[in-house]
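2 protein chains.
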Amino acid sequence: MKVATHHLRCTECATVIQNDAVSSNFRCPLCNGLYEVLYSWSEGPTSPESRLPNPSALRWLWQERRSSTMAVDQSGVWRFRDLLPIVDDLEKVVTLREGNTPLYDLPRCAKAAGIDWLLAKHQGMNPTGSFKDTGMTAALSVAAQRGFEWVACASTGNTSAAMAAYAARAGLRSIVFIPEGKIAWGKLSQSMDYGALTIQLKTDFDGCVKILGELVQKFPIYLLNSVNPYRLEGQKTPAFEMVEQMDWQVPEHIVVPGGNLANSAALAKGFSEMFQLGLIPRRPKISIIQAEGANPLYRWFIDSNREMKPVTADTRATAIRIGNPASWRKAAKAIDELGGWCEQASEQEIALAKAEIGAEGIGCEPASAVTLAGLKKLVALGKITPEERVVLILTGHTLKDSAYTIDYHRNELFTDAENAQLSQAERIQHAALRKAPIVLEADPSLVLRTLESHMNQPQPA
Amino acid sequence: MKVATHHLRCTECATVIQNDAVSSNFRCPLCNGLYEVLYSWSEGPTSPESRLPNPSALRWLWQERRSSTMAVDQSGVWRFRDLLPIVDDLEKVVTLREGNTPLYDLPRCAKAAGIDWLLAKHQGMNPTGSFKDTGMTAALSVAAQRGFEWVACASTGNTSAAMAAYAARAGLRSIVFIPEGKIAWGKLSQSMDYGALTIQLKTDFDGCVKILGELVQKFPIYLLNSVNPYRLEGQKTPAFEMVEQMDWQVPEHIVVPGGNLANSAALAKGFSEMFQLGLIPRRPKISIIQAEGANPLYRWFIDSNREMKPVTADTRATAIRIGNPASWRKAAKAIDELGGWCEQASEQEIALAKAEIGAEGIGCEPASAVTLAGLKKLVALGKITPEERVVLILTGHTLKDSAYTIDYHRNELFTDAENAQLSQAERIQHAALRKAPIVLEADPSLVLRTLESHMNQPQPA
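So, in structure tokens, the structure goes:
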């Protein structure tokens, strides 16, 4: 890898700065906007002096690296390092062999949604169980190269797990800031396991972000919240992987869960860079699905004035329970540029979709399942046609939220009043998927009779 | 792949049968022994008519497949299908892209154990979070090819999760038998998510196994307990992957957790087949580590009469809480043939080892951590020398048992009486690794002072 040659550009006022001139809170001093990483090819045809390999050479190189035993080649992020030259020294790359996630065929979910062909890119198969790993390998490598000893974020969930793992791998110390109050221990288990220090501050989540923003200006702590633009550089690589897995065919439509909205923006950046470089002939549409209880982008999308108004977030899909998404402008730009829609899904729709994905043998956390729930609506509305090739982005592993799965199958996820609102058809769908244990005497013939009665029941889908 | 040509041989009386002549309970009708899959090369030099590719050709083929986009090539099990020709039709292979698990360097754990060089092959990075996936892809592919519609196992943990996922993937129905009594819901969450039917029988675990054994003889249910020899064919492939990742170098020592003991046997089979075929010049030693509270193989190993006496199992490393291991003879044979030792680890030693592995940014379930705990003892006893290259087999992901991690860091895993038995050195080790949250006022300078005091504390190892 050559010397890292990239700039940072404010996504709001478009001011471009040297990459080492960025302030420690990653905010533009002129307009408080977020930065994005800019390369010579990000915006237009490659200039002659950039000497970037041509598309065929890149495709060949990326394929060759798959059979290498070097750690940076085994990583599904750093295998594409030609398009993320953000570290000078490959020795400084911090990797847990993230990426290389499977692209699964979902025939029964396709049928349920009313389309011919559906794939899922399962980012929950990353080392810590979520898509955050692809971003953290990038940002922690930058932190390690720049000589930081401490890194930090404000998060209770997937972000802190990924940060703690990569920090430990790099030999750095990590701090997780969370608001005081009842700790969600389950969510903290991974970051504690990976050795992070957890600090509970007597304030709310926004207060934690504020204190952290002050701290990084006084003390050499590298900030790893989603404002860090290098995380998006890692998170753009599943776009590369996906088209490579499809033998360089481009799907018509990508469907992404919408929480803090950095992921949609990152994937759009990945597709746009491939398009600029001539690696793909066109870009897919990107649609973003939010939970009804945490739907600020959806509201923006249907608002004729296109105003962003934060909401008080409430959904059991905790990974997207975000009312004031930091990266909404980047995501909005992605939808505007690539085409696509924003849709919302109810709690019941999310639960059904999660069970349908699980029944294909895959499983995901609730936030991932909004993609299937939203897809169904977009097909019903005619926004996606049956012959379009659609790829769902599943962001987290089913083990990330076992409690949700248990509550669903025990029929304890919703109140009776909530269930009473379901249609007859919806009730039948849930009943076919719900698998509460059956208690039987230890008698083979009784077990046999029970199985025979189950055998005659149709399988879901 | 050519037509499957393999036989089954009883591991006790050595009777060889045609693969389609096996009884539905996978037991030898003559002696009740377990079977193993036998190929022309399993036992000696390849016969001329077998037309198996030579070692260089195999190595080349396996490397080439890594850059293929076919599902069977992207699987870390089926990429080695030349050495597991158990299905006739590749279309029948059921895969979730298992295998291809990372081989991590553990420099700090190596130091803690007193050796120069330590690697971990992390089988917990498989799709359902445990090594069981490599076995289930093999056995479910056989079930699908043979036209079964139902599969079943008696299990509450990783086995049922893997079975349910692969069964769903194949479009088959799966049944999990568990004893009546309090359900460990967390352990069942995955198999419910993947659509398995759970039947609680009013009997104990052995009673479940017995009923299941009767059922499969009356009803076309394919048995997927560890007696199924095809599971071991999948579970041998991490041996292939490991030496390939090490550029065909062979480590001196493999350290494996010992529960039901099929996994140690499977890995030994993998190394032995490679050795027979000339793919590797020698085999590594295999050492098996058990929890003190579930140590029947350890007792057998130190017993001068070499008698196997089942024990009542009790350990928080639930994945190896097995007192009467089905595959103990196979594992005993592996130790005898390849060399190696059996060791046991206490609950406190397991907890410390798990935290040490976690602090390297990796994380695993408690059963996996017995490997590091046992390694320390084997080094202290001089059984493993500092310059030997050791590979730990980590069998499950840290997310498989979040509750254990939480209890450890909250210092609720052990009673005060248990903690009182620790030495001063052990207490210091635990204190350096334990990360209970700190509560602070939302005051940047206070946070800063707290961090500075932590900064001066040495990091573990």
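Protein sequences, first through last, are from chains A and B. Under the numbering used here, the first residue of the first sequence carries the number 10, and numbering increases by one thereafter. Under the numbering used here, the first residue of the second sequence carries the number 10, and numbering increases by one thereafter. We put the beta carbon where it would ideally sit given N, CA and C, even for glycine.
So, is the C-beta of Pro453 (chain A) closer than 8 Å to a C-beta in chain B?
As a working mapping, residue 453 (chain A) is identified with position 444 in the first sequence. Interface residue, yes.
Indicate whether Gly190 (chain A) and Ala328 (chain A) have their beta-carbon atoms separated by less than 8 Å.
By 1-based counting over the first sequence, the position of residue 190 (chain A) is 181. By 1-based counting over the first sequence, the position of residue 328 (chain A) is 319. Not a contact, by the Cβ cut-off of 8 Å.
Got a sec? Which residues, its chain only, sit under 8 Å from Asn272 (chain B) by beta carbon, not counting five neighbours each side?
Counting from one through the second sequence, the residue named residue 272 (chain B) turns up at place 263. Once the five neighbours on either side are set aside, the close Cβ partners of Asn272 (chain B) are Phe140, Gln244, Val265, Pro266, Ile402 and Thr404.
Cβ-Cβ distance between Leu361 (chain B) and His439 (chain B) below 8 Å:
Against the second sequence, residue 361 (chain B) aligns to sequence position 352. Against the second sequence, residue 439 (chain B) aligns to sequence position 430. Cβ distance < 8 Å, so Leu361 (chain B) and His439 (chain B) count as in contact.
If you compare alpha carbons, which of A:Trp87, A:Gln209 and A:Leu105 is closest to Asp97 (chain A)?
Position 88 of the first sequence, counted from the first residue, corresponds to residue 97 (chain A). When only C-alpha atoms are compared, the closest one is A:Trp87.
Under 8 Å between the Cβ atoms of Phe186 (chain B) and Ile230 (chain B)?
Mapped onto the second sequence, residue 186 (chain B) falls at position 177. Mapped onto the second sequence, residue 230 (chain B) falls at position 221. Cβ atoms of Phe186 (chain B) and Ile230 (chain B): not closer than 8 Å.
Mind checking whether Val236 (chain B) and Leu43 (chain B) have CB atoms under 8 Å apart?
Reading the second sequence from its first residue, position 227 is the one you call residue 236 (chain B). Reading the second sequence from its first residue, position 34 is the one you call residue 43 (chain B). Against a cut-off of 8 Å, the Cβ pair of Leu43 (chain B) and Val236 (chain B) comes out as a contact.
Check the Cβ of Lys211 (chain B) against every Cβ in chain A and list those closer than 8 Å, keeping chain order.
One-based indexing of the second sequence puts residue 211 (chain B) at position 202. Those within 8 Å of Lys211 (chain B) in chain A are Val448, Leu449, Glu450 and Ala451.
Quick one: Cα of Arg173 (chain A) to Cα of Phe284 (chain A), how far?
Here residue 173 (chain A) corresponds to residue number 164 of the first sequence, with the count starting at 1. Here residue 284 (chain A) corresponds to residue number 275 of the first sequence, with the count starting at 1. It is worth fixing the name first, because residue 173 (chain A) is Ala in this sequence and not Arg. In a straight line, the C-alpha of Ala173 (chain A) is about 34 Å away from that of Phe284 (chain A).
Do you know whose CA, among B:Arg240, B:Ala153 and B:Ala147, lies nearest Gly336 (chain B)'s CA?
Residue numbering aside, residue 336 (chain B) sits at position 327 when the second sequence is read from its first letter. Correcting the residue identity first, residue 336 (chain B) is Ser in this sequence and not Gly. Residue B:Arg240 is the option with its Cα nearest to Ser336 (chain B).
Taking C-beta to C-beta, are Gly383 (chain A) and Ser296 (chain A) nearer than 8 Å?
If you number the first sequence from 1, residue 383 (chain A) lands on position 374. If you number the first sequence from 1, residue 296 (chain A) lands on position 287. Contact flag set, yes.
Could you pull out every residue in the same chain whose Cβ sits closer than 6 Å to the Cβ of Cys6 (chain A), ignoring the five residues on either side in sequence?
An answer regarding residue 6 (chain A) cannot be provided, because it is not within the stretch 10 to 470 covered by chain A.
How many whole angstroms separate the CB atoms of Tyr175 (chain A) and Val103 (chain A), which I take to be in contact at a CB cut-off of 8 Å?
Counted from its first residue, the first sequence places residue 175 (chain A) at position 166. Counted from its first residue, the first sequence places residue 103 (chain A) at position 94. That belief holds up - the Cβ atoms of Tyr175 (chain A) and Val103 (chain A) are roughly 5 Å apart, short of 8 Å.
Quick one: does Lys409 (chain B) have its CB under 8 Å from some CB of chain D?
Given the protein chain composition of this structure (A and B), no chain D is represented.
Contact with chain B by Asp323 (chain A), beta-carbon distance below 8 Å
Within the first sequence, numbered from 1, the residue matching residue 323 (chain A) stands at position 314. By this cut-off, Asp323 (chain A) is not an interface position.
Among A:Pro116, A:Gly133, A:Pro375 and A:Met79, the one whose alpha carbon lies nearest that of Arg178 (chain B):
Here residue 178 (chain B) refers to the residue found at position 169 of the second sequence. Ranking the options by Cα distance to Arg178 (chain B), first place goes to A:Pro116.
If you draw a straight line from the alpha carbon of His406 (chain A) to that of Glu316 (chain B), how long is it in whole angstroms?
Here residue 406 (chain A) corresponds to residue number 397 of the first sequence, with the count starting at 1. Here residue 316 (chain B) corresponds to residue number 307 of the second sequence, with the count starting at 1. Using only the alpha carbons, I get a separation of about 43 Å.
Does the region 150-167 of chain B come close enough to the region 107-122 of chain B that 3 or more CB-CB pairs lie under 8 Å?
no
Short CB-CB distance (under 8 Å) between Lys11 (chain A) and chain B:
Numbered from 1 along the first sequence, position 2 holds the residue referred to as residue 11 (chain A). Confidence at Lys11 (chain A) is low in this model, with a pLDDT of 46, below 50, so its placement is unreliable and no value can be given for it.
Taking the CB atoms as reference points, tell me whether Ile447 (chain B) and Gln209 (chain A) lie closer together than 8 Å.
Position 438 of the second sequence, counted from the start, is the residue given in the question as residue 447 (chain B). Position 200 of the first sequence, counted from the start, is the residue given in the question as residue 209 (chain A). Taking 8 Å as the Cβ cut-off, Ile447 (chain B) and Gln209 (chain A) qualify as a contacting pair.
Using the C-alpha atoms, what's the distance from Gln226 (chain B) back to Pro453 (chain A)?
Here residue 453 (chain A) corresponds to residue number 444 of the first sequence, with the count starting at 1. Here residue 226 (chain B) corresponds to residue number 217 of the second sequence, with the count starting at 1. Their Cα atoms are separated by approximately 11 Å.
For Ala354 (chain A), three-class secondary structure by DSSP:
Translated into the one-based positions of the first sequence, residue 354 (chain A) becomes position 345. Here Ala354 (chain A) sits in strand by DSSP.
Report yes or no: do three or more beta-carbon pairs, one from the region 249-258 of chain B and one from the region 365-377 of chain B, lie closer than 8 Å?
no
Any idea what DSSP makes of Tyr175 (chain B), helix, strand or coil?
Sequence index remark: in the second sequence, residue 175 (chain B) carries index 166 (1-based). Three-state result, Tyr175 (chain B): helix.
What does DSSP give as the partner residues of Ser296 (chain A) in its beta bridges?
Indexing the first sequence from 1 puts residue 296 (chain A) at position 287. Partner(s): A:Val264.
Could you tell me whether any Cβ in chain A is nearer than 8 Å to the Cβ of Ala470 (chain B)?
Taking the second sequence and counting its residues from 1, the one referred to as residue 470 (chain B) is at position 461. Note that Ala470 (chain B) has pLDDT 46, beneath the 50 cutoff, so the model's placement of it is unreliable and no number is given.
How is the beta strand (DSSP E) around Lys318 (chain A) delimited, first residue to last?
The residue you call residue 318 (chain A) lines up with position 309 of the first sequence. Run containing Lys318 (chain A): none; DSSP gives neither H nor E here.
Taking the C-alpha atoms as reference points, what is the distance between Lys108 (chain B) and Glu427 (chain B)?
Taking the second sequence and counting its residues from 1, one reaches residue 108 (chain B) at position 99. Taking the second sequence and counting its residues from 1, one reaches residue 427 (chain B) at position 418. In the sequence as presented, Lys is not what sits at residue 108 (chain B); that position holds Gly. Between Gly108 (chain B) and Glu427 (chain B), the C-alpha separation is close to 39 Å.
Anything in the region 194-224 of chain B with a Cβ closer than 7 Å to a Cβ of chain A? List those residues in chain order, please.
Trp194, Gly195, Ser198, Gln199, Met201, Asp202, Tyr203, Gly204, Ala205, Leu206, Thr207, Ile208, Gln209, Leu210, Lys211, Thr212, Gly216, Ile220, Glu223 and Leu224
Run of the alpha helix (DSSP H) containing Val388 (chain B), from where it starts to where it stops
Position 379 of the second sequence, counted from the first residue, corresponds to residue 388 (chain B). Pro375 to Ala389 is the extent of the alpha helix (DSSP H) around Val388 (chain B).
Check whether chain A comes within 8 Å of Gly123 (chain B), counting only Cβ atoms and requiring the distance to be less than that.
Here residue 123 (chain B) refers to the residue found at position 114 when the second sequence is read from its first residue. Taking Cβ atoms only, chain A never reaches closer than 8 Å to Gly123 (chain B), which makes this a no.
Going by DSSP, what residue range makes up the alpha helix (DSSP H) through Gln5 (chain A)?
This structure cannot speak to residue 5 (chain A), because chain A is shown only from 10 to 470.
If you check the beta carbons only, do Ala163 (chain A) and Val218 (chain A) fall under 8 Å apart?
Mapped onto the first sequence, residue 163 (chain A) falls at position 154. Mapped onto the first sequence, residue 218 (chain A) falls at position 209. Closer than 8 Å, so yes.
Where does Cys37 (chain A) fall in DSSP's three states?
For the purposes of this step, residue 37 (chain A) is taken as residue 28 along the first sequence, with counting starting at 1. Three-state result, Cys37 (chain A): coil.
Grab me the residues of Lys11 (chain B)'s own chain with a C-beta within less than 7 Å of its C-beta, minus the 5 sequence neighbours each way, in chain order.
In the second sequence, counting from the first residue as 1, residue 11 (chain B) sits at position 2. At Lys11 (chain B), the pLDDT of 46 sits below 50, so the modelled position is not reliable and the matter cannot be decided from this model.
DSSP state of Glu158 (chain B), grouped into three classes?
For the purposes of this step, residue 158 (chain B) is taken as residue 149 along the second sequence, with counting starting at 1. Of the three classes helix, strand and coil, the one that applies to Glu158 (chain B) here is coil, per DSSP.
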